[in-house]
Amino acid sequence: MTATSEKETLGFQTEVKQLLNLMIHSLYSNKEIFLRELVSNASDAADKLRFLALENDSLYEGDADLKVRISANKDKKTVTISDNGIGMNRDEVVSALGTIAKSGTAEFFQNLTGDKAKDSQLIGQFGVGFYSAFIVADEVTVRTRKADESQAVEWQSKGEGEYTLANIDKPSRGTEIILHLRDDETEFLDDFRLRGIVTKYSDHISIPVEMYREPVPESEGPDGEKIEAKPGEWEAINKAEALWTRDKSEISDEEYQEFYKHVGHDWEEPLTWAHNKVEGKTEYTSLLYIPKRAPFDLYNRDRQNGLKLYVQRVFIMDDAEQFMPGYLRFVKGLLDSNDLPLNVSREILQDNKVTQAIRKGCTSRVLKMLDRMGKNKPEQYQTFWNEFGGVIKEGPAEDMANKEAIAKLLRFASTHSDEATQNVSLEQYIERMDEGQDKIYYVVADSFEAAKNSPHLEIFRKKGIEVLLLSDRVDEWMMSHLTEFQEKQFQSITRGDLDLGDLDDEESKKAQEESEKEVAGLLERIKEVLSDKVKEVRFTHRLTDSPACVVADENDMSSQMIKLMESVGQQAPETKPVFELNPEHQLVKHLNDEQDEDKFKQWSEVLLDQALLAERGSLKDPAGFVSRLNKLMLDLNK
Numbered sequence: 002m003t004a005t006s007e008k009e010t011l012g013f014q015t016e017v018k019q020l021l022n023l024m025i026h027s028l029y030s031n032k033e034i035f036l037r038e039l040v041s042n043a044s045d046a047a048d049k050l051r052f053l054a055l056e057n058d059s060l061y062e063g064d065a066d067l068k069v070r071i072s073a074n075k076d077k078k079t080v081t082i083s084d085n086g087i088g089m090n091r092d093e094v095v096s097a098l099g100t101i102a103k104s105g106t107a108e109f110f111q112n113l114t115g116d117k118a119k120d121s122q123l124i125g126q127f128g129v130g131f132y133s134a135f136i137v138a139d140e141v142t143v144r145t146r147k148a149d150e151s152q153a154v155e156w157q158s159k160g161e162g163e164y165t166l167a168n169i170d171k172p173s174r175g176t177e178i179i180l181h182l183r184d185d186e187t188e189f190l191d192d193f194r195l196r197g198i199v200t201k202y203s204d205h206i207s208i209p210v211e212m213y214r215e216p217v218p219e220s221e222g223p224d225g226e227k228i229e230a231k232p233g234e235w236e237a238i239n240k241a242e243a244l245w246t247r248d249k250s251e252i253s254d255e256e257y258q259e260f261y262k263h264v265g266h267d268w269e270e271p272l273t274w275a276h277n278k279v280e281g282k283t284e285y286t287s288l289l290y291i292p293k294r295a296p297f298d299l300y301n302r303d304r305q306n307g308l309k310l311y312v313q314r315v316f317i318m319d320d321a322e323q324f325m326p327g328y329l330r331f332v333k334g335l336l337d338s339n340d341l342p343l344n345v346s347r348e349i350l351q352d353n354k355v356t357q358a359i360r361k362g363c364t365s366r367v368l369k370m371l372d373r374m375g376k377n378k379p380e381q382y383q384t385f386w387n388e389f390g391g392v393i394k395e396g397p398a399e400d401m402a403n404k405e406a407i408a409k410l411l412r413f414a415s416t417h418s419d420e421a422t423q424n425v426s427l428e429q430y431i432e433r434m435d436e437g438q439d440k441i442y443y444v445v446a447d448s449f450e451a452a453k454n455s456p457h458l459e460i461f462r463k464k465g466i467e468v469l470l471l472s473d474r475v476d477e478w479m480m481s482h483l484t485e486f487q488e489k490q491f492q493s494i495t496r497g498d499l500d501l502g503d504l505d506d507e508e509s510k511k512a513q514e515e516s517e518k519e520v521a522g523l524l525e526r527i528k529e530v531l532s533d534k535v536k537e538v539r540f541t542h543r544l545t546d547s548p549a550c551v552v553a554d555e556n557d558m559s560s561q562m563i564k565l566m567e568s569v570g571q572q573a574p575e576t577k578p579v580f581e582l583n584p585e586h587q588l589v590k591h592l593n594d595e596q597d598e599d600k601f602k603q604w605s606e607v608l609l610d611q612a613l614l615a616e617r618g619s620l621k622d623p624a625g626f627v628s629r630l631n632k633l634m635l636d637l638n639k
């Protein structure tokens, strides 16, 4: 069998074709990032080899000097990036270069708009990677051999829907990527240009990135001095020092930002970051970043999350999720521990005391970083909240120990603003509380509009009391775990009997008592006709414009929680609402005067259905409601 006898032509996965087309047509404004991506991949390949060689030294094949090399051939119009990392076998080449195995790819491509500017931002959320080579190349050749395996493979493609694979001979392990540049991309054949890109984007790579320096012949200087000849040689053009091991004072913001793009595989710069070295009982270095934009698959359960883990500067694994709680799964970065064993596995990490200590420390650091941003850079924090607020809201249920710190980060819409923007903190709410107010009032609804127009708000608006408006799907679940903040109890205005305490004046209380006397006896009549539909009937003074409302009993599940459970396929317990009537409303007074028992029953049911519709947004029997309402309206016209 000859080296090329296994050559075959294969088609790209559909998503790869779409991505290639997007790369070529949407990223023209920042073409140079192809080199950053390919050098980053080469560095990762070296990291993986170093890790595997901990248990199998033969993988080095006698060459443990890991490096990346870049060269340009002006005659052939090619740029070559090579490494002596782990390499790939035939199956891995097909998997890595012919398909996109990333979760949520279908959703990603559904979001593409055809607008180059917007789509290029989406690419940043998805990750650029190897396919960025086609931004500048009309053909790409990959020659690779996996460490400790004999067969090498060559992959070739013009990025037009298919690629070829062939077995080849390759003495050295690792991967060589040859870019056949387009005619209008010859700027990247210039050594000075390539060196500048590496310095700009890849200075932090922890292994040498080398370029060849041409030999210098012996010559004579301007003053007649002899200039010795220098032989040609490969020389490192980056610092080749792990960035996180350097002192913070020596690292520029630009270096931190470029390193983030390397570890986060992101297109944009991060919002902020924290770089810390912890010494004492547990020793580790953390470099943690907050992204500017949420990845498109943030809520995908199969999505891999976590930090890069290094032990004593040796790469161990990507996506080490054990060091960050689920509600902080958007955090990018790395950890370098001195206290974990080099052969640590995910299973060992799960219950390891060192892991728990690092997780606690990193969680606290991120929460403090976000709190500082919220206090010192509110506009920047609003950008963060708009992207990741829904995930932070998972925190009170997941992390009881940090509940107060998480609560400080929460932002809400409020009756003190007509905007749906969630920009009110609990600390701001408490600062604005009226004298005598001892509770934090809130309402949960299906949408901002439904929350803003809830009848339960009427008395609060009349008295000028601020109420938080919650309308995210996760809100009801979050509030079931968030009972107080700074010793102020949370109170849903749709649960239990309303007690405004010191906020209610004596004059109002007397007026309420008088209005109830005018319709005395009404409650018993309604209880009799609605006994199978409601848990209790009572008067309320939370309403000023509406005739009636329904509330959940203090110990029952709210309608929003029932909806949430049903949306995830769980059976919610059957509950009946408490039916509350506004004794000052004309419809309630009309109901009190109604002597026809059949009409009284219909009016009672219509008022209940109206209240249920305002609270829940739907009815079990909407046709029955319409029929009763039509009949009553016709009777009024007689």
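Residue 2 is where the sequence shown starts when you use my numbering, and the numbers rise one by one after that.
By construction, the Cβ of each residue, glycine as well, lies at the ideal position given by its N, Cα and C atoms.
| Query | Result |
| --- | --- |
| Touch test, the stretch 532-548 against the stretch 579-596, Cβ-Cβ under 8 Å, three pairs minimum | yes |
| Close beta carbons around N344, own chain, < 7 Å, minus the five adjacent residues each side | L55 and E56 |
| M212 - containing alpha helix (DSSP H), residue span | No alpha helix (DSSP H) contains M212, which is instead part of the beta strand (DSSP E) from V210 to R214. |
| Heavy atom of the ligand SAH within 8 Å of E348 beta-carbon | As far as ligands go, the structure on display features none, and thus does not contain the ligand SAH. |
| Buried or exposed (CB count within 10 angstroms, at least 16 for buried), A118 | In this prediction, A118 has a pLDDT of 49, which is less than 50 and means its spatial position is unreliable; nothing more can be read from the coordinates. |
| Enclosing alpha helix (DSSP H) for L588 [first to last residue] | Q587 to D594 |
| Cβ contact (3+ pairs, closer than 8 Å) linking the stretch 381-393 and the stretch 287-305 | yes |
| Backbone CA spacing between P574 and A624 [nearest angstrom] | 25 Å |
| Buried versus exposed call for R543 [16 or more other C-beta atoms within 10 Å across all chains shown] | buried |
| Those residues which DSSP pairs with H266 across a bridge | Beta-bridge pairing links H266 to no other residue. |
| Inter-residue spacing [alpha-carbon to alpha-carbon] between L341 and T286 | 12 Å |
| Pair within 9 Å by beta-carbon distance, D267 and K333 | yes |
| Where I349 falls: helix, strand or coil (DSSP) | helix |
| Backbone secondary structure at A47 - three-state DSSP | helix |
| Rounded straight-line distance, which links the Cα of D439 to that of A452 | 22 Å |
| First and last residue of the uninterrupted alpha helix (DSSP H) at M318 | Careful: M318 lies outside any alpha helix (DSSP H), inside the beta strand (DSSP E) at V315 to A321. |
| Three-state secondary structure (DSSP) of P623 | helix |
| Sequence-distant residues of the same chain with beta carbon closer than 7 Å to Y257, five excluded per side | W274 |
| Span of the beta strand (DSSP E), counted from its first residue to its last, around F580 | V579 to L582 |
| Contained alpha helix (DSSP H) runs [length at least 4] in the stretch 182-207, N- to C-terminal order | 192-202 |
| Whether V425 touches T495 by CB criterion (9 Å) | no |
| Entirely enclosed beta strand (DSSP E) segments - the stretch 252-311, minimum 3 residues | 273-279 and 285-291 |
| V80 - DSSP class collapsed to helix/strand/coil | strand |
| Assigned secondary structure, Q157 (DSSP; H/G/I helix, E/B strand, else coil) | strand |
| C-alpha gap between A102 and L21, whole angstroms | At A102 the pLDDT is 46, less than 50, meaning the model places this residue with poor confidence and gives no usable figure here. |
| Separation of C550 from S481, as counted between CA atoms | 22 Å |
| DSSP-derived helix/strand/coil call for V367 | helix |
| Opposing strand residues paired with F486 [DSSP bridges] | K489 |
| Residue nearest to N556 in terms of C-alpha spacing, selected from Q571, K577, S547 and K75 | K577 |
| Cutoff 8 Å; reference H417; Cβ partners in own chain excluding five residues on either side | V425, R433 and E467 |
| N85 in three-state terms, based on DSSP | coil |
| Of the listed residues N339, E33, R51 and I349, nearest to E322 (C-alpha basis) | I349 |
| Pair within 9 Å by beta-carbon distance, V143 and E177 | yes |
| Exposure label - M325; buried when at least 16 CB within 10 Å | buried |
| Cβ-Cβ separation, H205 to E259 (assumed contact under 8 Å), whole Å | 7 Å |
| For Q611 and D622, the rounded distance between their alpha carbons | 12 Å |
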